[in-house]
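Number of protein chains: 2
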Amino acid sequence: MPITVLLVDDEPLVRAGLRAILEAQPDIEVTGEASDGAAVLPLVRRLRPDVVAMDVRMPLLDGIEATRVVLRTVTEPPKILVVTTFENDEYVYDALRAGADGFLLKRAAPAEIVQALRTVAAGDSLLFPAALRRLAASRGNERARAAMERAALTPREADVLRLMTRGMSNPEIARSLRLGTETVKSHVSAVLAKLGARDRTQAVIAAYESGFVTPG
Amino acid sequence: MPITVLLVDDEPLVRAGLRAILEAQPDIEVTGEASDGAAVLPLVRRLRPDVVAMDVRMPLLDGIEATRVVLRTVTEPPKILVVTTFENDEYVYDALRAGADGFLLKRAAPAEIVQALRTVAAGDSLLFPAALRRLAASRGNERARAAMERAALTPREADVLRLMTRGMSNPEIARSLRLGTETVKSHVSAVLAKLGARDRTQAVIAAYESGFVTPG
DNA sequence: CTGCTCCTCCCCCACGTGGGGGAGGAACCG
DNA sequence: CGGTTCCTCCCCCACGTGGGGGAGGAGCAG
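So the protein lines, in turn, are chains A and B. Note that our numbering numbers the first sequence so that position 42 is 42, with each residue one more than the last. To convert a position in the second sequence, counted from 1, into our numbering, add 1000.
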C-alpha cells in the first residue's frame, strides 16, 4: 500500500512541485491539497493521510497551529513533515515542539524530499544535517538533541553511531563490537535512515550538531 | 625547572642544529642524544626526559617503532615530538597513530621549533585528530585550532574541508566551487593526508575536534 | 630566469560503502 | 499463545571514494 500524502501550502507552485516530485514515486500518492492550515483538519479526517507536508507560514492558520490542532484532535494522527523556506525559521522550532516529526527545506533536492517523506512515514523523526547545524547554531542544541532522541536510535544503533563518530570503518566497528560486517552495515543503514543522512559523514555531522557527541 | 629534551636523529647535523636552537632557551635543556631508535628506550629510562624529539626515518629502528616501544614500556612516558623533512611523510602519520604528540618540520623557523616543543611539553598535542580531541576536551580548542592551522591547509583545501563538514560529496563540492570532480578529489586527498585522516569522515571529525568548525 | 607552491585536471583501479532485498532467533508484551 | 521489535547475518549490485601515478599553467620569490 502506498504512502498517502496531504500537501498544505499557500503557494500553488510549491504544491505543484511537491506533487510532481512525490507522484513520480510509485509508492507515494498525493491524496489531497490545502492552501491553508484552516482546511487541514477536515481533510485529515476525511483522507486520513499517512503524512502531511505542512508549510509553516500560511495566511489564516499557520503550520504550527495546524499541527497542534491535528495532533490534539485526531486519533492516530498522520506524521507531520514541516516544510519551510528558511533554515533559520524560528517557527520551525515551535512546529517541532508542537509535535512535528521532521522538517524539510524547500530547496532540498527531490531525492532528499522523497527520502524525508519516507523517513517520517516510517515513523522516524528526521532533521537534515545541513539544516540541523543552523538549528543548533541559533538556539543551542537542546532541541536538536531532542529531535535526535526522537529519532529513536536503538541501543545497538547508538553504539554503532558512537563508533562512527570515532572515525571507524564498518570492519573496525564490527571487530570492536564483535559482530559481523554485515550486521554493522545493517545498523549503519538504520542510523542513516533515522538521521536523514545520506552517508556516514553526514551522520557524524548530525551527531555533532545534535549534541549526540561533543567535541572534546 | 627546565624542560628536558632527548634528541633522536641519525644526522649529527640535525642534532646539532636542534641543540643550538633549544639550548638558546633558558628553560629548555637538552639532556641527551641518540642516533637511532634502538638507543632510545634505555636513554629514556635513564634520563627521563620531558620530551623526545624523534626523527622518523632512521637506519636501525625508525621513529615509529621507537615511539611504540617507549609508550608501551615506560610508565609516565615522555612526550614524543616527531621530526621530519617532508610535509607529506606517510611515516609521520604512522608515528602519530602510534601515539606521538605532535610533529615538526625540519625547515620550520627556530621560533616555531621552540614553540612546538613547549606545546607538547605542556601536554598539548599537535596536529593529530586523535590527540587533538583530548586537547580540545581539556583546554578549549584555541590551541587545537592553531595546531590545525599549522597543518598548513592551503586556502583551497580549507574551502573543501569546510564543505566536507557540511556533508557534501565530491561532486557536490565540485558544483559548489565550480570545479571538476577530479580537482576536488585532489584537494580531498591532500586534506586527508595533512590531517592524518583515512577518509572524509575522519577528516570531518578532526575538523570538529580541532575547532576548525564548531557545532552550532 | 629558475624554482617553488598551488590550483587545475586526467588516467587507472581496488575497495568500502550504501541500497535493495531477505531470513532466522531471541526477547518482550499484550 | 501470537505479534512486535530488535539483533544478527546473508545475497547482489551500483557507485563513490581514495590511492597511485602524472601534467600543465599561474603566480611568486629568489
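Here a beta-carbon is modelled for each residue, glycine too, at the ideal position from N, C-alpha and C. Quick caveat: nothing in here was measured; it's all calculated off a predicted structure.
Can you confirm whether residue i, when its beta carbon is compared against all beta carbons of chain B, has any partner nearer than 8 Å?
i, result
"residue 42/A", "no"
"residue 87/A", "Caution applies to residue 87/A, whose pLDDT of 44 falls short of 50 and renders its modelled position unreliable; the value that the coordinates give is listed next. Not closer than 8 Å to any Cβ of chain B, the Cβ of residue 87/A fails to qualify, so no."
Would you check whether the ligand PLP has a heavy atom nearer than 7 Å to the C-beta of residue i?
i, result
"residue 1009/B", "As far as ligands go, the structure on display features none, and thus does not contain the ligand PLP."
Can you find a CB in chain A that lies within less than 8 Å of the CB of residue i?
i, result
"residue 1200/B", "yes"
Is DSSP giving residue i helix, strand or coil here?
i, result
"residue 1001/B", "coil"
"residue 1062/B", "coil"
"residue 1034/B", "strand"
"residue 1055/B", "strand"
"residue 1074/B", "coil"
"residue 153/A", "coil"
"residue 177/A", "helix"
"residue 17/A", "helix"
"residue 1183/B", "helix"
"residue 67/A", "helix"
"residue 82/A", "strand"
"residue 1213/B", "coil"
Mind reading off the beta-carbon distance from residue i to residue j? Whole number of angstroms is fine, and I expect it under 8 Å.
i, j, result
"residue 53/A", "residue 5/A", "6 Å"
"residue 161/A", "residue 207/A", "6 Å"
Whose C-beta lies closer than 7 Å to the C-beta of residue i among residues of the same chain, with five residues either side of it excluded?
i, result
"residue 159/A", "177"
"residue 1185/B", "1170"
"residue 10/A", "35, 36, 55, 58 and 59"
"residue 1027/B", "1002 and 1003"
"residue 16/A", "none"
"residue 65/A", "37"
"residue 1061/B", "1036, 1037 and 1038"
"residue 25/A", "114"
In chain order, what residues of the same chain lie with their CB nearer than 6 Å to the CB of residue i, ignoring the 5 residues before and after it?
i, result
"residue 1200/B", "1164"
"residue 157/A", "187, 190 and 191"
"residue 32/A", "6, 43 and 47"
"residue 214/A", "none"
"residue 1029/B", "1002 and 1004"
"residue 101/A", "79, 80, 120 and 125"
"residue 172/A", "none"
Residues of chain A with a CB under 7 Å from the CB of residue i: which are they?
i, result
"residue 1165/B", "205"
Within the same chain, show all residues whose beta-carbon is closer than 8 Å to that of residue i, passing over the 5 residues directly before and after it, in chain order.
i, result
"residue 1073/B", "1041"
"residue 168/A", "176"
"residue 113/A", "18, 21, 22 and 104"
"residue 1174/B", "1180, 1181, 1183 and 1184"
"residue 51/A", "3, 4, 5, 6, 78, 79, 80, 81, 117, 120 and 121"
"residue 45/A", "74"
"residue 1070/B", "1040, 1041, 1044, 1052, 1077, 1078 and 1080"
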